[in-house]
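The next block holds one structure in the form of structure tokens; read it before the comments.
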Amino acid sequence: MKHQKIVIETDVKIKMRDGVKLSADIYRPAAEGKYPVLLTRLPYGKTYGLHFLRPQVFAENGYVVVVQDVRGRYGSEGEFVPYIAEVDDGYDTIEWLAVQDFSNGNVGMFGLSYYGFTQVLAAISGAPHLKTIAPIMAQNSMTDVFNDHDGALELGMWETWNLESILPDMMVRKYAGTPEYADKMKELVKDLSNIEKWYGYKPYLDWPPMKKADAMPYYTELLQLERDHKHWETIDASKNYEKIKVPGMHVAGWYDCFLDKTIANFQNGHRKGLGDRLIIGPWTHANFVQMIGQRDFGMAANKWGEASRHDFHLEWFDYWLKGIEPKTAAAPIEYFVMGSNEWKEAKNWPLENTHFTPLYFHSEGEANSKSGNGTASFAKPKAEVPDSYTYDPENPVPSCGGGTLHKEQQPDGPHDQSVLEDREDILCYTTAPLQEALEVTGPVQVQLWAKTDAVSTDFTAKLVDVAPDGTAYNLADGIIRSTKQHTNVQGELLLYTIDLWSTSNKFLVGHQIRVEISSSNFPRFDPNPNTGKTFIDTVESVPAQQQIYHDADHPSHILLPIIK
Numbered sequence: 000m001k002h003q004k005i006v007i008e009t010d011v012k013i014k015m016r017d018g019v020k021l022s023a024d025i026y027r028p029a030a031e032g033k034y035p036v037l038l039t040r041l042p043y044g045k046t047y048g049l050h051f052l053r054p055q056v057f058a059e060n061g062y063v064v065v066v067q068d069v070r071g072r073y074g075s076e077g078e079f080v081p082y083i084a085e086v087d088d089g090y091d092t093i094e095w096l097a098v099q100d101f102s103n104g105n106v107g108m109f110g111l112s113y114y115g116f117t118q119v120l121a122a123i124s125g126a127p128h129l130k131t132i133a134p135i136m137a138q139n140s141m142t143d144v145f146n147d148h149d150g151a152l153e154l155g156m157w158e159t160w161n162l163e164s165i166l167p168d169m170m171v172r173k174y175a176g177t178p179e180y181a182d183k184m185k186e187l188v189k190d191l192s193n194i195e196k197w198y199g200y201k202p203y204l205d206w207p208p209m210k211k212a213d214a215m216p217y218y219t220e221l222l223q224l225e226r227d228h229k230h231w232e233t234i235d236a237s238k239n240y241e242k243i244k245v246p247g248m249h250v251a252g253w254y255d256c257f258l259d260k261t262i263a264n265f266q267n268g269h270r271k272g273l274g275d276r277l278i279i280g281p282w283t284h285a286n287f288v289q290m291i292g293q294r295d296f297g298m299a300a301n302k303w304g305e306a307s308r309h310d311f312h313l314e315w316f317d318y319w320l321k322g323i324e325p326k327t328a329a330a331p332i333e334y335f336v337m338g339s340n341e342w343k344e345a346k347n348w349p350l351e352n353t354h355f356t357p358l359y360f361h362s363e364g365e366a367n368s369k370s371g372n373g374t375a376s377f378a379k380p381k382a383e384v385p386d387s388y389t390y391d392p393e394n395p396v397p398s399c400g401g402g403t404l405h406k407e408q409q410p411d412g413p414h415d416q417s418v419l420e421d422r423e424d425i426l427c428y429t430t431a432p433l434q435e436a437l438e439v440t441g442p443v444q445v446q447l448w449a450k451t452d453a454v455s456t457d458f459t460a461k462l463v464d465v466a467p468d469g470t471a472y473n474l475a476d477g478i479i480r481s482t483k484q485h486t487n488v489q490g491e492l493l494l495y496t497i498d499l500w501s502t503s504n505k506f507l508v509g510h511q512i513r514v515e516i517s518s519s520n521f522p523r524f525d526p527n528p529n530t531g532k533t534f535i536d537t538v539e540s541v542p543a544q545q546q547i548y549h550d551a552d553h554p555s556h557i558l559l560p561i562i563k
């Protein structure tokens, strides 16, 4: 039943257990009655992002839709610290909505990114009236996302998100109506336009844009917290998955910064038989079009255009909140295969017909750059000499696409890596042109035998699809901070596991598979100064001499999920 007329109530105050009032806009059918409720909770303002999923569409289809500013943001009271209050506030909001006159007691949640994670946190709260969630491109913890990506800091994401998305409202809340307000906001605008310059500033604790603004206390506090501090545990859904009892519809992108977290959220519910679904497209964060980065994935990639994503959500919520059977039975997993640019279905992740196969690195000791003698094959190495390169933290490898969240400064998605591959600090291991097409779908990791003369350093890996014309598109990448896996690394030949998350790509006939090995990816990750410290609180660094081994006893390789 479609309700053409709706009523919108703005700035409705909802009291939390501690007395703090959070502000919400409520969209509901004009006709009297009790309806299921759809809630989204975000820190970007109640009108932000409504182009992604428009509340009016759901209200016209028989839902009450509630869009709420989280604690300490825009119209809501209280202090904002990322995610820390979302478990309790999510619970309190859901239970308040469940007993309102317009509600039939069934509550669902929707939204992407931060307001995807607020759903996951609400789910672990155990709110009795929460029946389903639909988190799009959502994380499952804050620790891994910002300050511990296998030991590295997601520098570009951390600085960009806080400066662009969070700081402006915090400055308004602190300075509006004061003599300083105009000058403070002018300085902020200037810093926003020069953020790429600020990425290189060290130490991060003294980052000038934040120091000048003096409006975000948590910024330096969270940077200094140890990875195992109890603060992180309270907002780590991955450690509380057993508390989630409701089904979720999860949407991810092969180039999304939260890809692995979204997959983990799905797997949790799927293993329990809750009825979860997972859709993975070729997309970047919040970008569901066919032209992603520098690659055109064809019309099929538009599967989640505006009209269709509303239809997906309505079908999902109609089933779980209204008991209406879907028109067609859907597989638990739908995923997009890049290269062949087609959608496929699956029952489990990884796919049941996955053959994890090592692709080994080879060279004559000079795999430096794409012009070096590095090769890759399925034949295990025998007696080979190691490759070496110098990693200089003051001249890191620039980020070039991938799952970043600083799009305007460093575009995300697939980009031609050949612009970087003349660098001597990038080792390239490349297969011969393929005689048969090869589909790789699933989790990817590199097993790297390496030695460094530094007390701490990083190693990075990138999987690349090289076309016959030399264009080299990135598919997946990862990093490991040496001390994340080993205590004493200096001068020791050690095995490192680098998690490249997941991908799906058909390497076409004539294409080549390439793996890049290096030690930096800046500004996506903070460069390791090689001193045992980080640039969070130091400016000093030293170059590191790195050696990569690939012989019979130390067979460095990438483990590919080949589909047969």
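Those letters in the sequence shown? Residues 0 to 563, by numbering that gives the first Met the number 0. Beta carbons: idealized from backbone N, C-alpha and C, even for Gly. What you are looking at is a predicted structure, and each value in this text was computed from that prediction instead of being measured.
(request) Could you tell me which residues DSSP puts in a beta bridge with Q99? (result) Partner(s): none; Q99 has no beta bridge.
(message) Quick check: P528 and P392, are their CB atoms within less than 7 Å of each other?
(response) A contact, by the Cβ cut-off of 7 Å.
(request) Determine the direct distance from the alpha carbon of V538 to that of L426, and round the result to whole angstroms. (result) The C-alpha of L426 lies about 27 Å from the C-alpha of V538.
(message) Can you tell me which residues form a DSSP beta bridge with L21?
(response) I13.
(message) Determine whether the beta carbon atoms of Y428 and F458 lie at a separation below 7 Å.
(response) No. Outside cutoff.
(request) Report the residue from Y34, I83, Y82 and E76 whose alpha carbon sits nearest the alpha carbon of G61. (result) Closest by C-alpha distance to G61, out of Y34, I83, Y82 and E76, is Y34.
(request) Pull up the distance between the alpha-carbon of W231 and that of H485, whole angstroms please. (result) W231 and H485 have their C-alpha atoms roughly 23 Å apart.
(message) Less than 7 Å between the C-beta atoms of I547 and I516, yes or no?
(response) Closer than 7 Å, so yes.
(message) If contacts are defined as beta-carbon pairs under 8 Å, then S503 and F335 qualify, I think. What distance do you get, rounded to the angstrom?
(response) Right, the Cβ-Cβ distance comes to about 7 Å (below 8 Å), so this counts as a contact.
(request) Please check if any C-beta of chain B sits within less than 7 Å of the C-beta of I13. (result) Absence of chain B from the displayed structure is noted, only one protein chain being present.
(message) Assess contact between the segment 287-299 and the segment 315-334, defined as three or more Cβ pairs (one per stretch) separated by less than 8 Å. Is contact present?
(response) With fewer than three CB-CB distances shorter than 8 Å, the segment 287-299 does not count as touching the segment 315-334.
(request) Give a yes or no on whether the C-beta atoms belonging to D275 and P246 are separated by under 7 Å. (result) Against a cut-off of 7 Å, the Cβ pair of P246 and D275 comes out as a contact.
(request) Would you check if the segment 123-139 and the segment 314-322 touch, i.e. whether three or more CB-CB distances between them fall below 8 Å? (result) At 8 Å Cβ cutoff, the stretches touch.
(request) Evaluate the contact criterion for the segment 366-385 versus the segment 436-446: three or more CB pairs, one atom per stretch, below 8 Å. (result) The segment 366-385 vs the segment 436-446: no contact.
(request) Tell me whether Q546 sits in a helix, a strand or coil according to DSSP, three-state version. (result) Under the three-state reduction of DSSP, Q546 is assigned to strand.
(request) Would you mind working out which of P178, Y203 and D149 sits nearest G155, comparing C-alpha positions? (result) Proximity to G155 across P178, Y203 and D149 peaks at Y203, based on C-alpha coordinates.
(request) Taking I561 and H361 to be in contact with their CB atoms under 8 Å, please state how far apart those CB atoms are, rounded to whole angstroms. (result) With a Cβ gap of about 19 Å, I561 and H361 do not count as contacting.
(request) Entirely within the segment 210-240 and at least 3 residues each: give me those beta strand (DSSP E) ranges in chain order. (result) As far as the segment 210-240 is concerned, it has no whole beta strand (DSSP E) run of at least 3 residues.
(message) Please classify G322 as buried or exposed, where buried requires at least 16 other C-beta atoms within 10 Å of its C-beta.
(response) Burial call: exposed.
(request) Take every Cβ of the segment 267-286, pair it with every Cβ of the segment 239-257, and state whether three or more of those distances are shorter than 8 Å. (result) The segment 267-286, when compared against the segment 239-257, does touch it at the 8 Å Cβ threshold.
(request) Give me the Cβ distance between I123 and V86, rounded to the nearest whole Å; I'm assuming they're in contact under 8 Å. (result) In this structure I123 is in contact with V86, their Cβ atoms being roughly 6 Å apart against a cut-off of 8 Å.
(request) State the DSSP-derived secondary structure class of V418, mapped to helix, strand or coil. (result) Residue state for V418 is assigned as helix, using DSSP reduced to three classes.
(request) Identify, in the order they occur along the chain, each residue of the same chain with its Cβ nearer than 8 Å to the Cβ of I535, setting aside the five sequence neighbours on each side. (result) So the qualifying residues of the chain are L152, P202, Y203, L204, L222, Q223 and D525.
(message) Give me the residue from A23, P54, I512 and L49 with the minimum Cα distance to T374.
(response) By alpha-carbon distance to T374, the top candidate from A23, P54, I512 and L49 is I512.
(message) Quick check for students: name the residue ranges of the alpha helix (DSSP H) that lie wholly in the segment 415-494, counting only runs of 4 or more.
(response) 481-484, all fully within the segment 415-494.
(request) Assign E539 to one of three DSSP states: helix, strand, or coil. (result) For E539, the three-state secondary structure derived from DSSP is coil.
(message) Let me confirm a value: H228 is counted as buried when at least 16 other C-beta atoms fall within 10 Å, else exposed. Which label applies?
(response) Exposed is the call here.
(message) Going by beta-carbon coordinates alone, are A628 and T261 separated by less than 7 Å?
(response) With the chain running from 0 to 563 in the structure shown, residue 628 is simply not present.
(request) At 3 residues or longer, and completely inside the segment 498-525: list those beta strand (DSSP E) runs for me, N to C. (result) Counting only runs that start and end inside the segment 498-525, the beta strand (DSSP E) elements of at least 3 residues fall at 511-517.
(message) I'd like to know whether the C-beta atoms of L499 and A475 end up nearer to each other than 7 Å.
(response) It is a contact, given that the beta carbons lie within the stated cut-off.
(request) Let me know the beta strand (DSSP E) ranges lying completely inside the segment 106-194, each 3 residues or longer, listed in chain order. (result) Counting whole runs of 3 or more residues, the segment 106-194 contains the beta strand (DSSP E) stretches 129-135.
(request) Tell me whether P42 is buried or exposed, calling it buried when 16 or more other Cβ atoms sit within 10 Å of its Cβ. (result) It counts as buried.
(message) Going by DSSP in three states, A378 sits in which element: helix, strand or coil?
(response) Reduced to three states, the DSSP call for A378 is coil.
(request) For R276, write down the residues that DSSP places opposite it in a beta bridge. (result) BP columns for R276 point to M248.
(message) Mapping the DSSP letters down to three states, classify Q55 as helix, strand or coil.
(response) Helix.
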